[in-house]
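Novice:
Protein chains in written order, with the UniProt record's numbering: chain A, 1 to 223; chain B, 1 to 223.
(1) Would you mind giving the Cβ-Cβ distance between residue 40(B) and residue 84(B), rounded to the nearest angstrom? I have them listed as a contact below 8 Å.
(2) Using the rule of at least 16 other Cβ atoms within 10 Å of the residue's Cβ for burial, across every protein chain shown, is residue 167(A) buried or exposed?
(3) At 7 Å on the CB atoms, spell out the chain B contacts of residue 104(A), in chain order.
(4) Going by DSSP in three states, residue 43(B) sits in which element: helix, strand or coil?
(5) Quick one: what's got a C-beta closer than 6 Å to residue 164(B)'s C-beta in the same chain, skipping five residues either side?
(6) Check whether the segment 102–115 of chain A touches the segment 51–65 of chain A, taking contact to mean three or more Cβ pairs, one atom from each stretch, closer than 8 Å.
(7) Identify which residue in 157(B), 126(B), 29(B), 6(B) has its Cα closest to the Cα of residue 68(B).
(8) For residue 28(A), is the beta carbon positioned less than 6 Å from some heavy atom of the ligand NAP?
(9) Quick one: Cα of residue 12(A) to Cα of residue 179(A), how far?
(10) Excluding five sequence neighbours on each side, which residues of the same chain lie with their C-beta closer than 8 Å to the C-beta of residue 155(A)?
(11) For residue 21(B), which residues in chain A fall below 9 Å Cβ to Cβ?
(12) Give a yes or no on whether the minimum CB-CB distance between residue 129(A) and chain B is below 7 Å.
(13) Measuring alpha carbon to alpha carbon, tell me which of 44(A), 209(A), 133(A), 199(A) ends up nearest residue 219(A).
(14) Closer than 7 Å, CB to CB, is residue 93(A) near chain B or not?
(15) Should the segment 125–143 of chain B be regarded as contacting the segment 119–135 of chain A, the criterion being three or more beta carbon pairs within less than 8 Å?
(16) Taking 7 Å as the CB-CB cut-off, is residue 96(B) touching chain A?
(17) At 7 Å on the CB atoms, spell out the chain A contacts of residue 132(B), in chain order.
(18) Please tell me whether residue 79(B) has its Cβ less than 7 Å away from any Cβ of chain A.
(19) Could you name the residues of chain B that residue 124(A) contacts, counting a contact when the two beta carbons are closer than 9 Å?
(20) Beta carbon of residue 190(A), beta carbon of residue 148(A): below 7 Å?
(21) For my contact list, residue 57(A) and residue 10(A) are in at a C-beta cut-off of 8 Å; report their separation, rounded to the angstrom.
(22) Does the Cβ-Cβ distance between residue 14(A) and residue 201(A) come in under 7 Å?
(23) Round the Cβ separation of residue 112(B) and residue 223(B) to the nearest angstrom and send it over; I've been treating them as touching at under 8 Å.
(24) Indicate whether at least one CB of chain A lies closer than 7 Å to the CB of residue 119(B).
(25) Can you give the beta carbon distance from residue 73(B) to residue 19(B), rounded, assuming they're within the 8 Å contact cut?
(26) Using a Cβ-Cβ cut-off of 7 Å, state whether residue 76(A) counts as contacting chain B.
(27) Grab me the residues of residue 183(B)'s own chain with a C-beta within less than 7 Å of its C-beta, minus the 5 sequence neighbours each way, in chain order.
(28) Taking C-beta pairs closer than 7 Å, name the residues in chain B that residue 65(A) reaches, listed in chain order.
(29) Work out the CA separation of residue 137(A) and residue 1(B) for me, nearest whole Å.
(30) For chain D, find out if any of its Cβ atoms is closer than 7 Å to the Cβ of residue 101(B); answer yes or no.
(31) How would you write the range of the beta strand (DSSP E) that residue 136(B) sits in, first residue to last?
(32) According to the Cβ coordinates, are residue 158(A) and residue 170(A) closer than 7 Å?
(33) Answer yes or no: do residue 21(B) and residue 206(B) have a C-beta to C-beta separation smaller than 7 Å?
(34) Tell whether a beta-carbon distance below 7 Å holds between residue 97(B) and residue 65(A).
(35) Quick one: what's residue 93(A) bridged to in DSSP?
Here it is, written out as structure tokens:
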């Protein structure tokens, strides 16, 4: 029981979700956790700021060691619990290389998704431009096609032949893409990957509760 | 001699520089390398695209394993050459946690620097707003103060008591900050860190050649 760990998280946030998946994969169940609401501004609450002064979720702590950056928390857990649960860094150099390549390309994927989905939330009204929206949408389309290509004839996982940190980290971003209405028929390789991994226990057990309760959104349905 | 490695790089680019530092730290000298010019658009050349289809530098290859993402390349090198050269992941959990936290916060630092320094290059003229420039500048100021605080009374390195991947990865961003004119007197802790690390052989040996040849810039002198 991982009673010496605390995770404050928000439902549907890929950064939060990947830490939850990493904890499951490393058999670190039973940690202290609290689901907070972004809508209510709870990520700016005192209990978050005490762990994460940036006022962001996740906020993660192991004993007195704080690793709030979600990529960092996943890597920290693998480093500290190497021989517990599933090994998340593969053995072969080729798989290690591909894993790290995809992990960091995953940031570009999420950034381009966020540029489209969070545009009106991030950009003050007086600074919005249709030309920017169009450019962001085209950039996202191209990025998604890149990933659709990566999964063509791949070993079934993002980092090669086995489930790895690349899947822990990037799967939530791909799930986010479909949650926002992307058409599975347009992206058959991504959809096959998504539908296979969503049955994996670490992922199924941590599925965002708000996604179970409410229908998906449609923002990306025409992509 | 690391003759089975190839690095295509551009001078003064933090992503390129960190891979060069990692190679030096792991005693991987003698790799094939080529300095290319961003100004001449050489990052979009055929020889880059063959390794890095995104047309970005660095482009890095070990045997037939490609890891172009600079964070990924540094981590790959440490993973594959653990016992060669300097160990870049510390032993203690507290240092490992802080190392990963700073590594990923380093992305926020670089993003906020880029939002200010590359604004006119990234944003088409018709979409530029003084309000955005002002907001980006304020966000950078706040971010830099955060890092100035991190280095106050710290062990001398970003990840704790020893030189680690956090320094390999984030030092070039801090050097970039001073290269663009930041006043060392305004940021004494960052300046002390910068001046100490610039004498480290891995860093000195890979100092951007264009920075040796031309004077620093002034964009951040009033920050």
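Think of the CB as a built atom: it goes at the ideal place given N, C-alpha and C, for glycine as much as any other residue.
Bear in mind that the values here come from a model prediction, so they are computed numbers and not experimental data.
Specialist: With the structure as the only source:
(1) The count along the second chain starts at 1 and reaches residue 40(B) at position 40. The count along the second chain starts at 1 and reaches residue 84(B) at position 84. About 35 Å separates the two Cβ atoms, so there is no contact after all.
(2) As a position in the first chain, residue 167(A) is number 167, starting the count at 1. The residue in question, residue 167(A), is buried, as its Cβ has 16 or more Cβ neighbours within 10 Å.
(3) On the first chain, position 104 is the one that residue 104(A) refers to. Under the 7 Å cutoff, chain B gives 69, 71, 72.
(4) The residue given as residue 43(B) occupies position 43 in the second chain. It is helical.
(5) Within the second chain, residue 164(B) is the residue found at index 164, counting from 1. If we look at residue 164(B) and ignore the five residues flanking it on each side, its Cβ neighbours are 88, 90, 99.
(6) no
(7) Counting from 1 along the second chain, the entry for residue 68(B) is found at position 68. Here the closest residue by C-alpha is 6(B).
(8) Among the components modelled here there is no ligand, and therefore nothing to report on the ligand NAP.
(9) Against the first chain, residue 12(A) aligns to sequence position 12. Against the first chain, residue 179(A) aligns to sequence position 179. Each residue's Cα considered, the two are about 9 Å apart.
(10) Position 155 of the first chain, counted from the first residue, corresponds to residue 155(A). Contacts found: 161, 162.
(11) The residue you call residue 21(B) lines up with position 21 of the second chain. Within chain A, no residue comes near residue 21(B); the closest Cβ sits about 17 Å away, beyond 9 Å.
(12) Here residue 129(A) refers to the residue found at position 129 when the first chain is read from its first residue. Chain B, which has a Cβ nearer than 7 Å to the Cβ of residue 129(A), makes this yes.
(13) Translated into the one-based positions of the first chain, residue 219(A) becomes position 219. With distances taken between Cα atoms, residue 219(A) lies closest to 133(A).
(14) In the first chain, the residue the question calls residue 93(A) occupies position 93. It does; some Cβ of chain B falls within 7 Å.
(15) yes
(16) Residue numbering aside, residue 96(B) sits at position 96 when the second chain is read from its first letter. By this cut-off, residue 96(B) is an interface position.
(17) On the second chain, residue 132(B) is found 132 positions in, with the first residue counted as 1. Chain A residues near residue 132(B): 127.
(18) Start at 1 with the first residue of the second chain, and residue 79(B) comes out as number 79. Yes, contact with chain A.
(19) Residue mapping note: residue 124(A) aligns to position 124 of the first chain, counting from 1. Under the 9 Å cutoff, chain B gives 129, 131, 132, 135.
(20) Within the first chain, residue 190(A) is the residue found at index 190, counting from 1. Within the first chain, residue 148(A) is the residue found at index 148, counting from 1. In contact: residue 190(A) and residue 148(A) (Cβ atoms closer than 7 Å).
(21) Taking the first residue of the first chain as 1, we reach residue 57(A) at position 57. Taking the first residue of the first chain as 1, we reach residue 10(A) at position 10. Correct: roughly 5 Å between the Cβ atoms.
(22) Walking along the first chain from the start, residue 14(A) turns up at place 14. Walking along the first chain from the start, residue 201(A) turns up at place 201. No; because the gap between Cβ atoms is not below 7 Å, this pair is not in contact.
(23) Within the second chain, numbered from 1, the residue matching residue 112(B) stands at position 112. Within the second chain, numbered from 1, the residue matching residue 223(B) stands at position 223. That pair is no contact at about 11 Å.
(24) Position 119 of the second chain, counting from 1, holds the residue named residue 119(B). Judged by the 7 Å Cβ criterion, residue 119(B) is not in contact with chain A.
(25) On the second chain, position 73 is the one that residue 73(B) refers to. On the second chain, position 19 is the one that residue 19(B) refers to. The Cβ separation is near 5 Å, so the contact holds.
(26) As a working mapping, residue 76(A) is identified with position 76 in the first chain. Interface residue, yes.
(27) Within the second chain, the letter at position 183 stands for residue 183(B). Only 221 meet the Cβ criterion.
(28) Residue mapping note: residue 65(A) aligns to position 65 of the first chain, counting from 1. Neighbours of residue 65(A) on chain B, chain order: 93, 94, 97.
(29) One-based indexing of the second chain puts residue 1(B) at position 1. One-based indexing of the first chain puts residue 137(A) at position 137. If I take the Cα positions, the gap works out to 45 Å.
(30) No chain D is part of this structure, whose protein chains are labelled A and B.
(31) Here residue 136(B) corresponds to residue number 136 of the second chain, with the count starting at 1. From DSSP, residue 136(B) is part of no beta strand (DSSP E) but of the alpha helix (DSSP H) over 130–150.
(32) Position 158 of the first chain, counting from 1, holds the residue named residue 158(A). Position 170 of the first chain, counting from 1, holds the residue named residue 170(A). Result yes, Cβ atoms of residue 158(A) and residue 170(A) sit closer than 7 Å.
(33) Within the second chain, numbered from 1, the residue matching residue 21(B) stands at position 21. Within the second chain, numbered from 1, the residue matching residue 206(B) stands at position 206. Taking 7 Å as the Cβ cut-off, residue 21(B) and residue 206(B) qualify as a contacting pair.
(34) Your numbering for residue 97(B) matches position 97 in the second chain. Your numbering for residue 65(A) matches position 65 in the first chain. Cβ atoms of residue 97(B) and residue 65(A): closer than 7 Å.
(35) Along the first chain, read from residue 1 onward, the residue named residue 93(A) stands at position 93. Paired residue(s): none; residue 93(A) is not in a bridge.
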